[in-house]
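Quick note on numbering: the sequence shown equals residues 3 to 545 in our numbering.
Here the structure comes first, spelled out in structure tokens, and everything after it is commentary.
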Amino acid sequence: MVKVILIIFILGITACKQDQKENYLIIAIENLNSKAIYCDNEDSFSKRSGFQIICNEFFKFTHVYTTSLQSLPALASLFTGLYPYSHNVRTNSDSFLTPDFTTIAELAKKKGFKTQFLSGGAPFFRKSGLHQGFDSFDDYINSEKEYRPLKENIPTLLNNLADNDNHFLGVIHVSDLKYPHKVTTDELGEIRNLSLESQLEELDEKLFLLFSKLKNEKFWDHTRILILGLNGYPNLDFNLENPQLSLKSDNTQIGFFFKEMKKNAVNSKPQSINKTLSIKDIGQFLINSFSESTTSVNFKNFDNELFFSNSTPSNNEFIVVETAWAKFHEIGEIRTAIIDDNTLFIFDENRLIFNKLSDSNEQYPQPINSQLRDKIVGYENYLINKNFSPFKFTLNIKNFLDEINLLKKGDFSKDKKSEVYDYFTAFFLNEKKDLHGLLNLMNKYFPVKDDKCLSQFFKNKSDPDFISLCNNVLAKLVFYGDSLEKFPEKLNDKDLKLFLQNEISNFNITKMHHRNNLRQNLDYYKVQSFKIDTFKYPLLYFR
Numbered sequence: 003m004v005k006v007i008l009i010i011f012i013l014g015i016t017a018c019k020q021d022q023k024e025n026y027l028i029i030a031i032e033n034l035n036s037k038a039i040y041c042d043n044e045d046s047f048s049k050r051s052g053f054q055i056i057c058n059e060f061f062k063f064t065h066v067y068t069t070s071l072q073s074l075p076a077l078a079s080l081f082t083g084l085y086p087y088s089h090n091v092r093t094n095s096d097s098f099l100t101p102d103f104t105t106i107a108e109l110a111k112k113k114g115f116k117t118q119f120l121s122g123g124a125p126f127f128r129k130s131g132l133h134q135g136f137d138s139f140d141d142y143i144n145s146e147k148e149y150r151p152l153k154e155n156i157p158t159l160l161n162n163l164a165d166n167d168n169h170f171l172g173v174i175h176v177s178d179l180k181y182p183h184k185v186t187t188d189e190l191g192e193i194r195n196l197s198l199e200s201q202l203e204e205l206d207e208k209l210f211l212l213f214s215k216l217k218n219e220k221f222w223d224h225t226r227i228l229i230l231g232l233n234g235y236p237n238l239d240f241n242l243e244n245p246q247l248s249l250k251s252d253n254t255q256i257g258f259f260f261k262e263m264k265k266n267a268v269n270s271k272p273q274s275i276n277k278t279l280s281i282k283d284i285g286q287f288l289i290n291s292f293s294e295s296t297t298s299v300n301f302k303n304f305d306n307e308l309f310f311s312n313s314t315p316s317n318n319e320f321i322v323v324e325t326a327w328a329k330f331h332e333i334g335e336i337r338t339a340i341i342d343d344n345t346l347f348i349f350d351e352n353r354l355i356f357n358k359l360s361d362s363n364e365q366y367p368q369p370i371n372s373q374l375r376d377k378i379v380g381y382e383n384y385l386i387n388k389n390f391s392p393f394k395f396t397l398n399i400k401n402f403l404d405e406i407n408l409l410k411k412g413d414f415s416k417d418k419k420s421e422v423y424d425y426f427t428a429f430f431l432n433e434k435k436d437l438h439g440l441l442n443l444m445n446k447y448f449p450v451k452d453d454k455c456l457s458q459f460f461k462n463k464s465d466p467d468f469i470s471l472c473n474n475v476l477a478k479l480v481f482y483g484d485s486l487e488k489f490p491e492k493l494n495d496k497d498l499k500l501f502l503q504n505e506i507s508n509f510n511i512t513k514m515h516h517r518n519n520l521r522q523n524l525d526y527y528k529v530q531s532f533k534i535d536t537f538k539y540p541l542l543y544f545r
């Protein structure tokens, strides 16, 4: 009898401790736009649907926008409550969050939370600076895989929750939707079609698995869950712009769902919230939550009228969305847009303004009359004060987009403008090519004149003594190619021929790998400087 009482007492203490725990789980999903989870058509959900649980038990925010099309700046905004122009993370690869900025993980840690980040792949590695404040920042990705799917991160999350006696903040980065060409299987082991819809089915299934585990392990009722997109996905029926450049709403308006800790009443669904917000605002609400501000909007006083009011998050701020993709590739500047209630303003050289109510697909820019002109001047001044300038579709950008479109199609013939591949494949195979054309390509794809050795070659290519003054393999290659009859013995250089064979193999592998990246609209590598460590000279960095 004493043992029974003791067991009941211990269980009671454990239950009280469990009830007092306060957890936050953030699921940040790439390419999850506002229409990806459509709650008005629940009949289409499967019996084991995570999306249906979201529709039944989560608040749905209908008008939330990312801060950047690039996912690293977007998540930095969530972590800091700042726009990219303030936290200075602008691209996915060559910028990082400095320790000067306080993140939600750092604030949570000060409050006694155990903090964990689980990466789904590029660009979320420790070097991004987003590791600040996390007890565990798991960014290991198997070298044989391009990403780590959600299903592989779920067990790690659940194990950490089970082993933790403190409050818990967990962040899972989900990159599955970026890889529609990756094979997934359903619960019966049948292979799905290769498409975005198939990846959404996989996400739906794995979220159900995660939610079921959280409920079974008694974590559900005391865990606040935020599910949000980091960027959208263009409606290809209407939006034909490059997904890394398009600032239309289908590509910038993200899905955002929130579940409060307390279990919702039976047969009642949380309401939709139509307030226009930015992912930066969501970040600020999280900061307020961990700062325990009683007067500011946060997730701890979620039922507060502040959250459900129709007022804007800040009377002095417009919602700003940007893409630094062109700047990253060194072909242009940052493109920006303003969201102002039902107005979309794109700050291009030729200004674009859309009425989102009357033109939901943003197909028809409004003619600029005197009334709109005054409105546009206000938007322009606001962006100029943030150091933005009008975006120009330069010839470099247009040519770059043309080449990407050709690469996506896998078409490499010279007729289709994939010149470098053709020239160098033929050149390495000792076929004759026009040297003048080759030199023009070198000048086009690589700043040859900045290379001391190659610049001399341009001036002195008729001088045989030049080759003794320059050890650049590329210069030798071009020189030998120009002098096959004059210096036939040079072609017997076994080391050079072996080197060239290795280079063309690496080049072919790189071409295929980068073409897959482009097909999936990934932007983690500069196209002009894409390289493999084994490359010995810069000409092959052209993609």
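Glycine included, every Cβ here is placed at the ideal spot set by N, Cα and C.
Since the structure is predicted, the reported quantities are computational estimates derived from the model, not experimental observations.
Taking the beta carbon of residue i as the centre, do at least 16 other beta carbons fall within 10 Å, making it buried, or is it exposed?
{"i": "Q368", "result": "exposed"}
{"i": "R92", "result": "buried"}
{"i": "H89", "result": "buried"}
{"i": "P157", "result": "exposed"}
{"i": "A164", "result": "exposed"}
{"i": "E192", "result": "exposed"}
{"i": "Y85", "result": "buried"}
{"i": "F61", "result": "buried"}
{"i": "V422", "result": "Residue confidence is low: V422 scores 44 on pLDDT, short of 50, so the model does not pin down where it sits. Its coordinate-derived value is still stated next. Burial call: buried."}
{"i": "N168", "result": "exposed"}
{"i": "L397", "result": "exposed"}
{"i": "V322", "result": "buried"}
{"i": "V450", "result": "Reliability fails at V450, whose pLDDT of 46 lies under 50, so the model's placement of it is uncertain and no value is given."}
{"i": "D42", "result": "exposed"}
{"i": "E364", "result": "buried"}
{"i": "K37", "result": "exposed"}
{"i": "E332", "result": "exposed"}
{"i": "S291", "result": "buried"}
{"i": "S130", "result": "buried"}
{"i": "H183", "result": "exposed"}
{"i": "K282", "result": "buried"}
{"i": "K116", "result": "buried"}
{"i": "A376", "result": "Reading off the sequence, residue 376 comes out as Asp, not Ala. Exposed, by the Cβ-count rule."}
{"i": "E199", "result": "exposed"}
Pull up the CB-CB distance for residue i and residue j, whole angstroms please, since I reckon it's below 8 Å.
{"i": "E32", "j": "L232", "result": "5 Å"}
{"i": "L120", "j": "L159", "result": "6 Å"}
{"i": "F81", "j": "I106", "result": "5 Å"}
{"i": "F259", "j": "I56", "result": "5 Å"}
{"i": "E207", "j": "E189", "result": "7 Å"}
{"i": "F393", "j": "D343", "result": "Contact flag wrong, Cβ pair sits at about 23 Å."}
{"i": "N35", "j": "Q255", "result": "6 Å"}
{"i": "G285", "j": "G83", "result": "4 Å"}
{"i": "L374", "j": "I355", "result": "6 Å"}
Report the residue from the options whose alpha carbon sits nearest the alpha carbon of residue i.
{"i": "Q118", "options": "K129, E199, L27", "result": "L27"}
{"i": "K113", "options": "R128, F136, G123, G131", "result": "F136"}
{"i": "S280", "options": "G234, K184, R337, K400", "result": "G234"}
{"i": "L77", "options": "I174, W327, P272, K23", "result": "I174"}
{"i": "T225", "options": "F170, A339, F349", "result": "F170"}
{"i": "Y366", "options": "K377, F347, E351", "result": "F347"}
{"i": "F320", "options": "I341, F349, E332, A326", "result": "I341"}
{"i": "E204", "options": "S177, I275, I143", "result": "S177"}
{"i": "L359", "options": "K282, T345, D376", "result": "T345"}
{"i": "D404", "options": "K217, N244, L132", "result": "N244"}
{"i": "F221", "options": "K261, I378, Y40", "result": "K261"}
{"i": "R337", "options": "S372, E382, N195, K277", "result": "E382"}
{"i": "E59", "options": "Q273, D252, R194, K23", "result": "Q273"}
{"i": "L230", "options": "S362, S79, A339, N401", "result": "S79"}
{"i": "P75", "options": "W327, K388, Y384", "result": "W327"}
{"i": "F330", "options": "F240, N253, L216, F402", "result": "F402"}
{"i": "S293", "options": "F390, K111, T186", "result": "K111"}
{"i": "F390", "options": "A30, E324, N166", "result": "E324"}
In the DSSP assignment, what are the bridge partners of residue i?
{"i": "R110", "result": "First, the amino acid is wrong: residue 110 is Ala here, not Arg. In the DSSP output, where bridge partners are listed per residue, A110 has none listed."}
{"i": "V173", "result": "I28, F119"}
{"i": "E324", "result": "S70, T338"}
{"i": "T187", "result": "I193"}
{"i": "F221", "result": "DSSP lists no partner for F221."}
{"i": "R226", "result": "Y26"}
{"i": "I399", "result": "DSSP output for I399 lists no bridge partner at all."}
{"i": "D140", "result": "L120"}
{"i": "G231", "result": "I31"}
{"i": "K261", "result": "I227"}
| query | Counting Cβ pairs, one atom from each stretch, are 3 or more of them under 8 Å apart for the stretch 61 to 72 and the stretch 237 to 255? | reply | yes
| message | Across the stretch 99 to 115 and the stretch 58 to 67, are there enough close Cβ pairs to call them in contact, namely three or more that are closer than 8 Å? | response | no
| task | Say whether the stretch 137 to 156 touches the stretch 195 to 213, bearing in mind that this needs 3 or more beta-carbon pairs closer than 8 Å, one atom from each stretch. | result | yes
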